[in-house]
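So the structure is just underneath, and the comments pick up after that.
Residue numbers (the numbering used here): 1 to 80.
Below, the structure written as C-alpha cells:
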C-alpha cells in the first residue's frame with residue numbers, strides 16, 4: 001500500500017497488516033461504532049428525544065442488548 005501527500009515521487013510504502021491484526025482492527029472499529037450508538041441512544045433517552053433517535057442507532061443498540069447473563073437481560077428488556 002502506498003501513502004502519498006499528493007506527490008507520487010514522495011510516496012512511501014507501508015506493510016499491510018496480517019490476518020490476525022486485521023481481525024483485531026475490525027473488532028476495534030465495531031466496538032467503537034457500538035459504543036457511539038449506545039452513547040447517542042443514552043443522550044436521546046436522557047434528553048427525552050427518543051423519537052428523534054436515528055434508526056441506525058436504534059438497530060445497533062437493539063441488536064446488542066441480548067446477553068447470556070439473565071440479570072443483564074432483564075435490565076436490558078426493562079430499558080426498551
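Glycine included, each C-beta is placed from N, C-alpha and C at the ideal position.
Which two residues bound the contiguous alpha helix (DSSP H) that contains residue 51?
Note, residue 51: premise wrong, no alpha helix (DSSP H); not H, not E.
May I ask you to report which of helix, strand or coil DSSP gives residue 57?
helix
Rounded to whole angstroms, what is the Cα-Cα separation between residue 42 and residue 54?
12 Å
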